[in-house]
Amino acid sequence: MLKVFYSKNQSVKNNSSFSPSAGKPELVVESWKKRGQEFHIQEFTPSSREDLKLVHSSDYVDGVLGLKTSNGFGNKSPEVAAALPWICGSMVEATLDAFKNKSITISPTSGAHHARYSSGGGYCTFNFLVLAAIKAHQAGAKKVGIIDLDCHYGDGTQEIINRLKLDFIQHYSFGGDPRLLQGSAKWIEALPGIVESFNNCDLIIYNAGVDSHIDDPLGGYLTTEQMEMRDSIVIKPFAQKKIPMVVSLAGGYQKDEDGGISKVLDLHGFMFNAAWFADKLNQEVK
Ligand SMILES: [Zn+2]
122 MLKVFYSKNQ
132 SVKNNSSFSP
142 SAGKPELVVE
152 SWKKRGQEFH
162 IQEFTPSSRE
172 DLKLVHSSDY
182 VDGVLGLKTS
192 NGFGNKSPEV
202 AAALPWICGS
212 MVEATLDAFK
222 NKSITISPTS
232 GAHHARYSSG
242 GGYCTFNFLV
252 LAAIKAHQAG
262 AKKVGIIDLD
272 CHYGDGTQEI
282 INRLKLDFIQ
292 HYSFGGDPRL
302 LQGSAKWIEA
312 LPGIVESFNN
322 CDLIIYNAGV
332 DSHIDDPLGG
342 YLTTEQMEMR
352 DSIVIKPFAQ
362 KKIPMVVSLA
372 GGYQKDEDGG
382 ISKVLDLHGF
392 MFNAAWFADK
402 LNQEVK
């Protein structure tokens, strides 16, 4: 059964920020429960400081967790600091589980790809995408792919890869693809080829941001139909080849008139649905 690595410790209800990301894990898991597609909520342990220091400077990690340095939301909220090791733990353990079982897992987490070696920003504090890649590499994955389809360029991810010379990571960021200038249809046409270029990876980390939607205030290019196609085009081929995959949420900033985030939740539902069917396919092949 599809595993979602979720703990209430990773959600922050009252973070004063334009971004709803800190409170999103709880809302997104609730919305998936209403779909009627059975899944398993998997418990996990938070990441240690030692692990966080595999991707960040010791001063930065201690500063953020000790409330002396601003987090990626630009505040020193104790609630955010308490949630961060859980957010990273969700991603790391979902990744290791997918790798071990040659399966697909979900980590309902956001806020990684702008986080650099010694600073955060753009709602990102710790780069759990790179952390998960390093932990998977330590567990035996020779090559790890990060397919980042959030609307914005994963500058933090690339900075850490370059600085720490993490040659085992293959990184693609939607936000840095010049093909977008030719329109969303051209990009969708190119997507199967982009996905195929990751076939030699032992594990795929898919950062499935929904701020790439055309109505997103901080996005966006893709129509609702193209968003649904996107998640299917990325997820299905790896399941067919039994290449392990972990999926995270990343950005999404559309607000309803009453301040809710139902549009964002609907868009994340496309990813959930594609992952759910990929998991079924995996079970049948086993
Ligand atoms: Zn974004």
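In short: position in the sequence shown from 1, add 121, done, that's our numbering.
Glycine included, each C-beta is placed from N, C-alpha and C at the ideal position.
Contact fails between the segment 154-165 and the segment 249-267, because fewer than three Cβ pairs, one in each stretch, are under 8 Å apart.
Annotation for residue 322: 264, 265, 266, 291 and 364 place their beta carbon closer than 7 Å to its own, counting only its chain and skipping 5 residues before and after. For residue 269, the shortest C-beta to heavy atom distance toward ligand 1 is 6 Å or greater. Annotation for residue 343: no beta strand (DSSP E) segment contains it, and DSSP assigns it neither H nor E. The C-alpha of residue 274 lies about 8 Å from the C-alpha of residue 234.
Remark: C-beta atoms of residue 215 and residue 231 do not approach each other more closely than 7 Å. For residue 328, the pairing in a beta bridge is given by DSSP as 269 and 369.
Taking C-alpha positions only, residue 168 is separated from residue 185 by approximately 14 Å.
In the DSSP assignment, residue 161 is bridged to 124. Distances taken from the Cβ of residue 273 to the heavy atoms of ligand 1 include one shorter than 6 Å. The way I'd put it, the segment 341-351 doesn't touch the segment 282-291; fewer than three beta-carbon pairs between them come closer than 8 Å. In this structure residue 306 is exposed. Its beta-carbon is surrounded by fewer than 16 other beta-carbon atoms within 10 angstroms. Beta-bridge partners of residue 293 (DSSP): 268.
Of all C-beta pairs linking the segment 324-340 to the segment 191-199, fewer than three are shorter than 8 Å, placing the two stretches out of contact.
Around the Cβ of residue 279, a 10 Å sphere holds 16 or more other Cβ atoms; the residue is buried. Going by beta carbons, residue 255 and residue 188 fall outside the 7 Å limit. For residue 228, the enclosing beta strand (DSSP E) begins and ends at 225-228. Of the heavy atoms belonging to ligand 1, none sits nearer than 6 Å to the Cβ of residue 241.
In the structure shown, residue 245 adopts extended strand secondary structure according to DSSP, grouped into three states.
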